[in-house]
Structures are given as C-alpha cells and as structure tokens.
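For the sequence shown, full-length UniProt numbering assigns the number 1 to the initial residue and increments by one for each residue that follows. The beta carbon of each residue, even a glycine, is placed where N, CA and C say it ideally should be. From a predicted model like this one, the values you see are computed outputs, not experimental measurements. Following: one structure in structure tokens, then a few remarks.
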Amino acid sequence: MRSSPQSKTLAVLVRGAEGAPPFSDELFCRRLSLESHHFDLNIIVLPISSDRDDPLPQKGYIYRDGLWETSPIRGVQMLMDRCLLPLPRKWRQKLRELTISGSAHVRPYWSASLPGKWKVHRVLSRETQLRKLLIPTVLLQPDAAWEQWLQRWPKGLFFKPVSGTHGKETFRLTHGNDKSSWTMEGRDKNNERFYRTFYTRYMLSTWLESQIADRQWIMQPYLDLSHDRHPFDIRALVQKNGHGQWTLTGCMVREGAEGSLTSNLHGGGKAHPARPYLLNRYGDIRTETLLESISRAAALIPPLLESHFGRLAELGLDFGVDSKGRLWLLEVNSKPGRSSFAEAGDRQMQALTYTQPLAYARYLLQQHVLSDVVRPMKMPNTSSTAGLKPIPIHGG
1 MRSSPQSKTL AVLVRGAEGA PPFSDELFCR RLSLESHHFD LNIIVLPISS
51 DRDDPLPQKG YIYRDGLWET SPIRGVQMLM DRCLLPLPRK WRQKLRELTI
101 SGSAHVRPYW SASLPGKWKV HRVLSRETQL RKLLIPTVLL QPDAAWEQWL
151 QRWPKGLFFK PVSGTHGKET FRLTHGNDKS SWTMEGRDKN NERFYRTFYT
201 RYMLSTWLES QIADRQWIMQ PYLDLSHDRH PFDIRALVQK NGHGQWTLTG
251 CMVREGAEGS LTSNLHGGGK AHPARPYLLN RYGDIRTETL LESISRAAAL
301 IPPLLESHFG RLAELGLDFG VDSKGRLWLL EVNSKPGRSS FAEAGDRQMQ
351 ALTYTQPLAY ARYLLQQHVL SDVVRPMKMP NTSSTAGLKP IPIHGG
C-alpha cells in the first residue's frame, strides 16, 4: 500500500538474518507495512547485524506490491527497535542522525527498552500489590546457596539468563534418585534439550560458575506450571492505543510439548485462547479470579516500569498458574512476539497486535512527545492506586 505525501516514516530495527528478505520478524514487518497507510505512516525495515563491528545498513527494505524492495534511508521521523540485544552507542548515534530532528536532545524512539530480568524484578518487588505474584529470585553468584535453596524447594531450581529469550539456555536442577547426585535438564543456546548428571558438589558448582563467567543469570524455585504434563503460561499483551493509553489487547495460553520445561512456542509449543483453556482446567469461579488478577496486574505493571525506565509502548506479561491455582508473574518483555495470537486464531485480537503500535506511533508524532522515551515517568497519582483500575480482558 502507498501512503500519502504527508505520511511520516517509521524505521523498524530488526535482527539481520540469512535469506530473502535478510532479516527476522518478517511477518511482523509485513503486517505493519500492510496496515501503515491507515495511519499515514510509511514503514522501512533496517536489518541490524549481530556483529557489532559491522556498519549500519546503507539501505532499508519497504514492502510494495507483495515484495520486499531495497530503498534509501531518508526522511525517518521515528525508530522502532525490535532487536533483542542492546544497540551499541556508536549505532545509536548514527541512527539519531538518520532522523529528521537531528537533535541530540531528542531520542526519536517509539519505546524505551527494559533492562534485564533482575532489574525488572527488583522494581516490581517494591510494589506491595505485586509481591504476591513474584517468584522468589536471586542473582546467581559464584557462592550461590543452591544447596539450601534445593532443600527448601525439593521440586528443583530453575535458572535462566538475565537477558535470555525464547526459553533458550534455561535449565532445571533436581536431586538424582539416590540423593547423592544432581541432574540438570534444559535447553541450550540452540533451543535443543540437554541432560547432565553431576556426582559431586564441586562438579556442579564449577559448572554453574562457568555459566556466569560471561553473563548474568537468575535462580528461582522450580514451580510446577503444567497441565497433563504440558507446561503452560498465559501471555497478556498490553499496548498503548491511539490516545496514548494502556489497554489490554488480550490473553493467550502457550502450551509446551509434553515433558518440556518451558511453554515457549519456539520450543515446539502451541497456543490456545486463554479463557476456554483455563475453564477446562479450573472451572468458572477460579478462571474468573485468575483473569481478574491478570487484569489488575496489567494495570499496575506498565506505569510502574515507566516510572523507572522511561516511556514504553507495549509489554508482554507472562503468567504461570501452579497446581494449586496460584498465579505467578514469570516475566515482562518490552519487545514481545505475537505468534501466540496468530496461532490461536482470533483474527480481531491478532489485528490489534499490529494496529495498536501504528496508532500509538501516529499519536506520538502528532503530540511531539518523543523526547521523553528514556526519562522516568511519574505514575498517575502515586499516593494511591487511582487511575490503575483493572483493564478488561476482551475475547480469548
């Protein structure tokens, strides 16, 4: 679709990849491109190399007449960063120079990015109403008291990288059958399953220390968040709309393969509409209680994180439910995927996952409020929870 001459240009930064077109998130970029004319926006995709020594691309990609075509990068008003790794400072400077503002005081980003899981956990733990949803979490250190934790939570401990995605490099530690050994099972960096057995405490501690040598990890008790041996979680997608207000687009259940540790779709999981899935397991009363708790958390979390990390545009909130029906907040992601909404088959809700970002981009450009992206934002009426009413869950 072609936009009018008055259209603004939104550049979408995604990870470069082999293939045609040479970037990831192709479906997301294509859907944005197809819907963009409704919001007087042009979309240009900039593939970002994972090699930080590579220069920024000289050309981007636009979707025209069913094909991706290369195009010069010019007249960009806003940047949407979908890269999962932080951009180097030299690239951020070059990207700023691409935008029309050209001002060192304006950071023309659609949204700020959240830091790692540990920093987010610490901020959320300060909110009394959210503490009961948070899993006990510590930053993994060389002298981590994993033995004491394993005694306290005999079902096992769960480890995941602070900056990990897609369930990669997550693993569970349990005692062996004879209590004199330990078993580690999980997924490696390629999302392939692995199993390891350790027969001495020294072997296990040495292996854990090797994992944290070049990156940070968190340790949590392992929770049984499964149904008929299939792990599952609930993805709630909260997005700002065309008026700059937070809305809950919807909820989907992601169900992992039998015996898997995680429910992530990249590990072979499937998606289901949330309400019927929960009704099947928990019945009417418990299901409504769970969805009400999710909607309240969805109202609390976005402004709380904005007050520490700057203006945000959308968040993926992942919840788990244990065998007793207790709700847990597993993770918050500022660059959430949409595959669960596509797979579950709710077309109206799926369409919102793409149109809301465009509506919010148009709102930002019309209001000229780009410069606050990294500035902490004051929560509405911080002396109470006024303005933080539950967000209704529609569909799903």
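Nearest-angstrom beta carbon gap, G320 and R235 [assumed within contact, 8 Å]
So it is not a contact: roughly 11 Å between Cβ atoms.
Contact between the stretch 225-242 and the stretch 297-317 (3+ Cβ pairs under 8 Å)
yes
How would you call K179, buried or exposed, if buried means at least 16 neighbouring beta carbons within 10 angstroms?
exposed
At which residues does the alpha helix (DSSP H) containing Q129 begin and terminate?
T128 to R131
Starting from the Cα of Y195, find the closest Cα among E209, G176 and W217 and give me that residue.
G176
Do you know whose CA, among A342, R92, V120 and Q367, lies nearest P302's CA?
For the residues A342, R92, V120 and Q367, the minimum Cα distance to P302 belongs to V120.
Leaving out the 5 sequence neighbours to the left and right, which residues in its chain are closer than 6 Å to F171 when beta-carbon positions are compared?
F159, M184 and G186
Which listed residue (Q220, A17 and R281) has its alpha carbon closest to that of R152
Q220
Sequence-distant residues of the same chain with beta carbon closer than 8 Å to P115, five excluded per side
F309
What do you get for N42, buried or exposed, if any count of 16 or more other CB atoms within 10 angstroms of its CB means buried?
buried
Measure the Cβ-Cβ separation of L327 and L290 and say whether it is below 7 Å.
yes
Ignore the nearest five residues each way along the sequence and tell me which others in L139's own chain have a CB closer than 7 Å to its CB.
W118, Q216 and I218
Neighbourhood of T174 by C-beta, 6 Å cutoff - its chain only, sequence neighbours within 5 removed
G156 and T183
Nearer than 6 Å: is that true of the beta carbon of R122 relative to any heavy atom of the ligand HEM?
Absence of the ligand HEM is noted for the structure shown, with no ligands found whatsoever.
Using CA atoms only, rank isn't needed, just tell me which of L223, C83 and L95 is closest to V76.
L95
Whose C-beta lies closer than 8 Å to the C-beta of A17 among residues of the same chain, with five residues either side of it excluded?
These residues qualify, in order along the chain: F23, S24 and P47.
At what residues does the beta strand (DSSP E) containing H175 begin and finish?
F171 to H175
Expressed to the nearest angstrom, what Euclidean distance is found between the alpha-carbon atoms of S293 and W91?
41 Å
Element boundaries [alpha helix (DSSP H), containing A299]:
A274 to F309
Nearest-angstrom Cα distance between L32 and L56?
22 Å
Would the beta-carbon of R281 fall within 7 Å of that of E258?
One thing to note: R281 has its Cβ no nearer than 7 Å to the Cβ of E258.
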